[in-house]
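Q: Protein chains in written order, with numbering that gives the first Met the number 0: chain S, 0 to 382; chain Z, 0 to 248; chain B, 0 to 269.
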Amino acid sequence: MHMADALLSPVVGGSMWAVTAGLIGYSAKKVKEEADDRKVPLMGVLGAFIFAAQMINFSIPATGSSGHLGGGMILAILLGPSAAFLVMASVLTVQALFFADGGLLALGCNIFNLGFFPCFVVLPLIYRKIVGADPAPRKIMTGSLLSAVVALQLGAFGVVLETVLSGISELPFRTFVLLMQPIHLAIGIVEGVVTAAVVTIVWKARPEILRAAQRVVPLGNVSMKKVMVGLLFAALVAGGALSWFASANPDGLEWAMFKTLGTEELKGRTGVHASLAGIQEHTAFLPDYGFNPPSPATNGGEASARFPLRRSERRDSTGVSPWSFKKSEPATVEPAAGAKTSWPAVDAGTSVSGLVGGTLTLVLAILIGWGIKRSRKPWACAR
Amino acid sequence: MSHHIVEARDLHFTYPDGTVGLDGVSFRISHGESVALVGENGAGKSTLLLHLNGYLTAYQGTVRIGDYALTPRNLNAVRRSVGMVFQNPDDQLFMPTVFDDVAFGPLNLGLARDEVERVVSRALATVGVAHLAKRPPYKLSQGEKRSVSIATVLVMSPDILVMDEPTSSLDPRSRRRLIELLKTFRHTKIIATHDLDMALDLCERTIILHEGRVAADGPTRKLFQDEALLQRCSLEKPLRMLQCPVCAP
Amino acid sequence: MNNIGTNAFDIGYLDTLAGADSPVHRLDPRAKLLTTAAFIVSVVSFDKYALSGLTPFFIYPAVLLALSGLPVRYVLRKAAMVSLFAVLIAMFNPLLDRDILFHLGPIGITGGWVSFVSILIRLLLTVTAAFILIASTGFNALCESLRELGVPRPFVVQLLFFYRYLFVLTDEAERLVRAWSLRAFNAGAMRGKVFIPLIGHLLLRTLDRAERIYRAMLSRGFDGHFRIMRTLRIRSGEIVFLAGWILLFVFLRCVNVPVKLGALLRGVSP
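1. Against chain Z, with Cβ distances strictly below 8 Å, would V150/B count as a contact?
2. Going along chain Z in order, which residues have a C-beta closer than 7 Å to the C-beta of I227/B?
3. Listing by chain order, which chain B residues have their CB less than 9 Å from the CB of W202/S?
4. Out of curiosity, what's the CA-to-CA distance linking S148/Z and S135/B?
5. Taking only the alpha-carbon atoms, compute the straight-line gap between S173/Z and L153/S and give it to the nearest angstrom.
6. Along chain B, in chain order, which residues have C-beta atoms closer than 7 Å to that of R72/Z?
7. Determine, for Q91/Z, whether the minimum Cβ-Cβ distance to residues of chain B falls below 8 Å.
8. Would the stretch 13-22 of chain Z count as touching the stretch 178-193 of chain B if we require 3 or more Cβ pairs under 8 Å?
9. Could you please tell me which residues of the stretch 240-262 of chain B, in chain order, have their CB closer than 8 Å to any CB of chain S?
10. Is F138/B closer than 8 Å to D46/B when the C-beta atoms are compared?
11. Is it right to say A135/S is buried, meaning 16 or more other beta carbons lie within 10 angstroms of its own, or is it exposed?
12. Quick one: is K31/S near chain B, going by C-beta distance under 8 Å?
13. State yes or no: is the beta carbon of L13/B nearer than 8 Å to at least one beta carbon in chain Z?
14. Verify the CB distance criterion: does M162/Z have a CB-CB separation below 8 Å to chain B?
15. How would you list, in chain order, the residues of chain S whose beta-carbon sits under 7 Å from the beta-carbon of G223/B?
16. Would you say the beta carbon of D27/B comes nearer than 7 Å to a heavy atom of the ligand GTP?
17. Beta-carbon of G154/S versus every beta-carbon of chain B: anything under 8 Å?
18. Using 10 angstroms around the beta-carbon of A178/B, count the other beta-carbons present and answer buried if the total reaches 16, otherwise exposed.
19. Report the rounded CA-to-CA distance for F97/S versus V213/Z, giving the unit in angstroms.
20. Which residues of the stretch 150-168 of chain B have a Cβ closer than 7 Å to any Cβ of chain Z? Give them in chain order.
21. How big is the Cα-Cα spacing for E147/B and K188/Z?
22. Considering L63/B, what are the terminal residues of the alpha helix (DSSP H) in which it resides?
23. Pull up the distance between the alpha-carbon of F184/Z and that of V126/Z, whole angstroms please.
24. Should R121/B be labelled buried (16 or more other beta-carbon atoms within 10 Å of its own) or exposed?
25. When the Cα atoms are used, what is the spatial distance from A185/S to M87/S?
26. Where does the unbroken beta strand (DSSP E) through P218/Z begin, and where does it stop?
27. So does the stretch 56-74 of chain S actually touch the stretch 179-194 of chain S, counting three or more Cβ pairs closer than 8 Å?
28. Report yes or no: is there a C-beta of chain S within less than 8 Å of the C-beta of I212/B?
29. For G236/B, is the classification buried or exposed, using 16 other Cβ atoms within 10 angstroms of its Cβ as the cut-off for buried?
30. Does the count of Cβ pairs from the stretch 33-53 of chain B and the stretch 157-164 of chain B closer than 8 Å reach three?
31. Starting from the Cα of M216/B, find the closest Cα among P165/Z, G41/Z, D99/Z and G43/Z and give me that residue.
32. Does the Cβ-Cβ distance between L77/S and L45/S come in under 8 Å?
33. Could you check what DSSP says for T174/S in three-state terms: helix, strand or coil?
34. Which bits of chain Z does F208/B rub up against, with CB to CB less than 7 Å?
35. So, does the CB of S135/B fall closer than 8 Å to a CB anywhere in chain S?
36. Just to confirm, is the Cβ distance from K77/B to V126/B under 8 Å?
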C-alpha cells in the first residue's frame, strides 16, 4: 500500500511532495491556532501508539491471513483533522527513515494517500455526518466502516495513479486498478471494524477526548474549495516545473500520460501483453496524443537508451508511422545538442558499451569505498 | 517567597466519576521540614500531592504555599516554587535528550541561553548524571531516569520538593544513592512513599492518610511504633523495626 | 510474525550508530539532508531503462559508508529486506514488457528485465542513502535541521515527541503480546476477539500517559511554547561537501560515463 521511490518519477514525486508540504504547513497552522496545549503530548503519544499497534498482527477470520492496523481513521477521530494529519505524517516519516518503507521521495505520496484522505476528506464528509455530535455504538460502527472503506479506496487509487503516471512500472492502469481496489476493499472492511471497536472503547471510558476532537472545526475560516484550489495549483506548478526540467521537450508530462495510455496497434502482440494492451486501448480516457519519432540519425549516441521508443515503434520495421490517432498533432521535437533529446532508437552497440562500462564503474566505486575504509584509522565510539 | 510554608486547610476533592479523593485534609508544614506522606493505595496521597502545585483544585478548602494562597492567577509562581517529581520517570522525561529535559523548565522561565547552560550543568552535577547529558531518555536505567527526573526539578531552584514514590522499582544501590542525595537537600521535602524505611531515614515527620483523611500526623518514629494505628491504616511496621527473624525465635 | 522487538531494536541501533564519531557524523545535518535529497532525486530521475547511467552513483554510498565507518553488511541486509510492495510490482515488468532491447551475444534481453533490474538498483541506492543519513545523524539532530530548514514547528515537535515515546509504546505492546502468546499456545496470529481489547487497553493507557506527561510539562512551566536549545553551524566544510556532491550528481546525470568508458575499452567510438 506504500509507494516506493523506485517506482516513482521525480515529476510525480515532486508534485506530491509539494502538495504534502502545503498540507503540513496548513495543518501546523491550524494546530497552532487551536492552541490546545493538551494536544502536544497527546499527538506524540498517539503516534507512538499507532506505530506500536501496527506491529501487532491479527488474523482475519475466514481468510486465514493476517493483517495489521492502519490507524488513519482512529487518529482522525481522536484528534481532529489537522492534528491527526501531522501525526500520520510523523509515523510515515519515521517508517520511511528507519524501515525504508517506501522511500524519501515517495514519502510525499504516502503521507498524502494515507493521511489526506482519512483526515480531510472522509472524516468531515462521512464520519462526522454519520456519527454527529452524539455518538452511539451503532452509529460509530456504521461511520467507521464506511469511512475506513472509502479512505482506503481513495488511498489505493492514489497509489495507482502515482505509479502509472510515473511510467516506471509496466503495469497498465486497468490491471493495477483491478488489482488494488478489491484488495483494499477487504482491508478497508477489516480496518473499519477494528476502528469502530476501538473508538467505542474510548467513547465508553474517556468520552471527553471524543468531544474535544469533535469541537475542532475541520477547516475553520478557509473554505474547502479554496484549500483544494490552492493545493491543485501547487501540484500543477510543481509538476509543470519539474517536467520542464526533466526533459527539454515541454511535453514531458504529456509524454508520461501517453506512456500510460499507449494506443499502439494490436497487431503482432502475444499473450498477456496483447490482451492488456487491448483492454487499455478500449478504456483509455484521455484524448490521444501523437508524436513523431525523429530518425535515429539525428541523435547523439550518448542520448541513446534514455527514452526508448514505444514497443510498437521498435517492432514496426516498415518505416511507416505505426500510430493511427484520432486527433494527433505532431509535437515538434527539438533534438537538443548532447544529452536531452527524446525518442532515440536503442542502439545495440551503446547498450553493450553501457554494460561493460557500467560493470566497471560499479567495481571502481566499490574499490574506492573499500580503499578509503582501509586507509582510515579506526574511529572511537562516542559513548 | 518568605517562609516556604505549605499549608492545607480542610481540603475536599472528588473525582469526576464520584470517587472521593480527599475528605477534609489539613496540615501545616514549615520551612525545611522533611515530611513523609504514607498510606495504602487509594488513600489519597497522589491526589493530595497534585493539589500542591495546582494541578487539581479542591472544591472546598484552601492550599497556601508560602505567602500565596493557591489561585489560578499565581499558578506559575507556585509551580516555580514547588518542584514536583512524579512516580513514573517516563512521564517526566519527554524531551529528546537528558540535557533538553533538564533545560525545559529554565527555558520556559525565560532564562538566557548561557544561564540555562550553567544551571543545567549544575543540576546534572548535583545528581551525578553529568555524563548522561546527551543521552536520550530511553537509553537510561531506572535509577538514572529517577536521578534525571530530580535534576529536571532541581534546576528550577524550588523551595519545596514534592516527590511521589521516589524509590519504587529502584535496585538497592540506586535506592541508597537516592536517599543519600535527598539527605543533602535543605529544601522542604514532602515525600509520598510506601518505603517506610526510607521515611525513617529521611523524614522526621510523617502524615498518615487513610480514606482521604489524615489519620495521624506526628514524629515518624513514634507513629511507626504504633501498631494499632498502622494496622488500621492497612500499613505495617518498617522492616527495620520488625523483629529480626534470625535472632528472635 | 510479531516483530515488535526487532523493529524497536533497529531504531535503537540506528541511534547508537549515530552516536559514533567520524567526519561524516560531524557534518551539519542540514548538509547531509540536502545532499541525500539531491542524490535521491538524481537517481530517481533516470528513465526506466537506465542501467549503466545509474552505476556511477554507487560512489556516494561507497564513499560515505567508508568515511563514516557504518556497518556495510548491515546496510545491505536492510536493503534486501526492503519494500516488498515495490519489488512485487516491479516483477510485472519482465512479464509485460517482452520486447527485446538488445542482444548479449546469443541472448536477447527484454526491456522488462532491464527495467526490473533498474528498479532494483534504484531501490538499493535510495535505501542506502537514506540509511546513511539517519545512521550518521540521529533522529533528533535531523529534526533540528528540519526546523532550521523551515519545516513548521508543530510538526517537528510532534516528530520529537513521537520518537521519544516510540520505545515506551513498543515496549508496552511487546509486553502485552508476550503475555498473550504465553497463553495462546499454538495460535499463529491474534484473533480479533483478543486483538481489539488488547489494543483498546493499550490505547486507554496511552491516553492516561498523555495526561500524566501533560501534568509534568505544566509543573515545569509549560505555556504552549516549545523551546529547544541547539547550535547548528554551517562551516566551510559543509558547503564544500554539499556543493561538491551536487555538482557530481548533476554531472553524472547528464553524462553517461560508463558508456564512454565501456566504449573506450572496446575500442569503439561511443
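All C-beta atoms in this analysis are idealised placements derived from N, C-alpha and C, irrespective of residue type, glycine included.
Quick caveat: nothing in here was measured; it's all calculated off a predicted structure.
A: According to the structure shown:
1. So, not an interface residue.
2. D99
3. Correct list: empty, because the minimum Cβ distance to chain B is about 11 Å.
4. Going by C-alpha positions, S148/Z is about 29 Å away from S135/B.
5. Looking at the two C-alpha atoms, the distance is approximately 54 Å.
6. Think of a sphere of 7 Å around the beta carbon of R72/Z: no beta carbon from chain B falls inside it, the nearest being about 14 Å out.
7. With 8 Å as the cut-off, Q91/Z counts as an interface residue toward chain B.
8. No, because fewer than three Cβ pairs between the stretch 13-22 of chain Z and the stretch 178-193 of chain B fall closer than 8 Å, the two stretches do not touch.
9. The residues in question are C253, V254, N255, V256, P257, V258, K259, L260, G261 and A262.
10. no
11. exposed
12. At least one chain B Cβ lies under 8 Å of K31/S.
13. no
14. no
15. Those within 7 Å of G223/B in chain S are A34 and D36.
16. Looking at this structure, you won't find the ligand GTP or any other ligand, since it has none at all.
17. no
18. exposed
19. Each residue's alpha carbon lies about 53 Å from the other.
20. L159, F160, R163, F166 and V167
21. 42 Å
22. I58 to S67
23. 11 Å
24. buried
25. 22 Å
26. For P218/Z, the enclosing beta strand (DSSP E) has its first and last residue at R212 to P218.
27. yes
28. Taking a beta-carbon distance threshold of 8 Å, I212/B counts as an interface residue toward chain S.
29. Per the 10 Å Cβ criterion, exposed.
30. no
31. D99/Z
32. yes
33. helix
34. Checking the displayed sequence, the identity of residue 208/B turns out to be Arg instead of Phe. Neighbours of R208/B on chain Z, chain order: D90.
35. Under the Cβ criterion of 8 Å, S135/B is not counted among the residues facing chain S.
36. yes
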